[in-house]
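One structure is given here, and the rest of the page talks about it.
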Amino acid sequence: MTEKQVDSPQKSDTGRRNLWLLGGGLVLLAVVSVCFLTSAVVAGGLVLRRIVANVQITDRGRLEIPATPLSGEDAPGVPDTGSGRIAVVTPDGGLVTLRPDGNDLRDLGSPGVRYQFPAWSSSGAQVAVIASDGTQTAVQVLDDSATPDATELYASAINPPFYLYWSPDDRQVSFLANDRNTIALWLAAADGQAPARKIAAGQPFYWEWTADSRQLLVHIGGLGAESRLAFIDADGNAVGDNLATPGLFQAPGIAPDGRYLAFSQVAGEQFEVAVQETRSGAQSTTRQLGLAAMSWSPAGNQLAFISPARQRLTHVGPLQIIDAATGATRTLADGQVIAFFWSPDGKSIATLTENSGHSTPGAALPREFTSAGRANSQQTSEVLLDLAIVDVASGQSRTLASFRPTDPFLSQFLPYFDQYALSHRIWSPASDALVLPMVDDRGQPGIFVVSQEGGAPRRIADGVVAFWSWQ
191 MTEKQVDSPQ
201 KSDTGRRNLW
211 LLGGGLVLLA
221 VVSVCFLTSA
231 VVAGGLVLRR
241 IVANVQITDR
251 GRLEIPATPL
261 SGEDAPGVPD
271 TGSGRIAVVT
281 PDGGLVTLRP
291 DGNDLRDLGS
301 PGVRYQFPAW
311 SSSGAQVAVI
321 ASDGTQTAVQ
331 VLDDSATPDA
341 TELYASAINP
351 PFYLYWSPDD
361 RQVSFLANDR
371 NTIALWLAAA
381 DGQAPARKIA
391 AGQPFYWEWT
401 ADSRQLLVHI
411 GGLGAESRLA
421 FIDADGNAVG
431 DNLATPGLFQ
441 APGIAPDGRY
451 LAFSQVAGEQ
461 FEVAVQETRS
471 GAQSTTRQLG
481 LAAMSWSPAG
491 NQLAFISPAR
501 QRLTHVGPLQ
511 IIDAATGATR
521 TLADGQVIAF
531 FWSPDGKSIA
541 TLTENSGHST
551 PGAALPREFT
561 SAGRANSQQT
571 SEVLLDLAIV
581 DVASGQSRTL
591 ASFRPTDPFL
601 SQFLPYFDQY
611 ALSHRIWSPA
621 SDALVLPMVD
631 DRGQPGIFVV
641 SQEGGAPRRI
651 ADGVVAFWSW
661 Q
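Taking the numbering used here, the leading residue of the sequence shown gets 191, the next gets one more, and so forth.
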């Protein structure tokens, strides 16, 4: 671990943290007669190890965006400076927020504290964040102001938290923390007026809040009798029946109007992506050949998902869309899509794919990519990703940039992008730009704003991860 990596103080916890979604060190796939999964064991490292096995390094480690990206008022395509704010974790673990033009910087951090993956409240007034002072790790809520107040919701030296997600009404912060040999879901009042409550446990663990903040749709466990796909009340007092026998997927989804649910289910000797109408229980299904990662449009009842085109233990593959009303499925992007992100207006989807070049031994992800929780920094620094924008209506795609991602973004965020997309946003509220952490041509991590209209990515700050406010 280097000084520029943001991590918890306990190195031994890193492996647990990065297995929270993909199923721990080894997950037994207890589905009999599934052709490519019979008696198989899914290791976390299998899932994304081959994402970037064939990438191209141009001038070894150099970005394919301009060597010196424009900054300040000279940069083309700068989004409206009133379009929200951006929270940044700095290379030394600090926490700042600023406008998308790089101005009005506010330092929210405290001396001696390192921060991870800040999440904005829906109002944009506060930021929830994982904070570590070297002795314990805490969940804090900070006001986004020149003189921020910090409210501590949870702290532990033994069971550190590692992921958090606001409730839609901003009254609660849900988060995951280590819990002996598993992980636990906790809820805490955002104002700190009541102690945090543990409401469920298991691994892996994914969930989405209902729009009224009263329930959570959870996916707990891998395959087998102990897996759960059900609603639980936010008070922890009621757990619903399983909606289906969970298949190979990560985060479940709830359509914006609450009419449809999305998940993967076991269907005989295969798996399928299912869109289910909540009142009638009627389903539209699409067969999947590997894992699936899915996300609803923020603006309508369209479900986007990726899954391999052939039988592989990964979710990397073509990007497809299911129309929930008709059940029709169409392919938006062929190829190996690693992750995707809906624009807030639902008109575009940003995709990340492996750079379309020749394989380079130094760019291959190491065996420990997910299973050990930390890729070798030299190897990950040579990975190149292509950012493209796909128009949902026409299917037309435009590549905006090729870049080297920072290590936290590559190894902690991207493998679980479908869960993070529910809690952390990289799109601007106006759907006109994205914020991404990139390693520049000098090997330094920076935060870049990329306009959907094109032009050079614009560096606005030094940093390793960054997220845009919801408004």
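Every residue, glycine too, gets a C-beta built ideally from N, C-alpha and C. Source: prediction; values computed, not measured.
I need the straight-line Cα distance from S641 to V580, nearest angstrom please. 14 Å
For the candidate residues A656, T589, G302, E416, whose alpha-carbon lies nearest to that of G437? E416
Stretch-stretch touch, CB-based, cutoff 8 Å, three pairs: the stretch 418-435 with the stretch 595-603: no
Using DSSP's beta-bridge definition, name the partner residues of A457. Q460
If you reduce the DSSP assignment to three classes, tell me which class D402 lands in. coil
Rounded C-alpha distance that separates G448 from D576: 33 Å
I need the DSSP call for D171, collapsed to helix, strand or coil. Any property of residue 171 remains undetermined from this structure, which presents the chain solely from 191 to 661.
Extract the residue ranges of the beta strand (DSSP E) inside the stretch 454-525, only unbroken runs of 3 or more that lie entirely within it. 460-467, 473-478, 483-486, 492-496, 507-513
Throw me the rounded Cβ distance for the N545 and S592 pair, which I believe falls under 8 Å. 5 Å
Determine the closest residue to V329 out of N349, T337, V654, with distance taken between C-alpha atoms. N349
Of the choices F352, R404, D360, D294, whose alpha-carbon is the least far from that of Y610? F352
Using the Cα positions of R250 and E572, report the straight-line distance between them to the nearest angstrom. With a pLDDT of 30 at R250, under the threshold of 50, the modelled position of that residue is not reliable, and the figure given next carries that caveat. Rounded to the nearest angstrom, the two C-alpha atoms are 7 Å apart.
Identify the continuous beta strand (DSSP E) that holds F421 and give its terminal residues. 418-423
If you follow the alpha helix (DSSP H) that F439 is part of, which residue opens it and which one closes it? Looking at the DSSP string, F439 is not in any alpha helix (DSSP H), and its letter there is neither H nor E.
Collapsed DSSP secondary structure at P598 in the structure displayed: helix
A243 versus D630 - alpha carbon distance: At A243, the pLDDT of 31 sits below 50, so the modelled position is not reliable; the number obtained from the coordinates is stated separately. Their Cα atoms are separated by approximately 21 Å.
Across the stretch 403-423 and the stretch 463-472, are there enough close Cβ pairs to call them in contact, namely three or more that are closer than 8 Å? no
Buried/exposed call for P385, threshold 16 Cβ in 10 Å: exposed
Integer-rounded CB distance, given that S613 should sit under 8 Å from G274: That pair is no contact at about 16 Å.
For P508, which of A514, G517, P498 has the nearest alpha-carbon? P498
Out of R387, H409, D402, Q526, point me to the one whose CA is closest to P394's CA. H409
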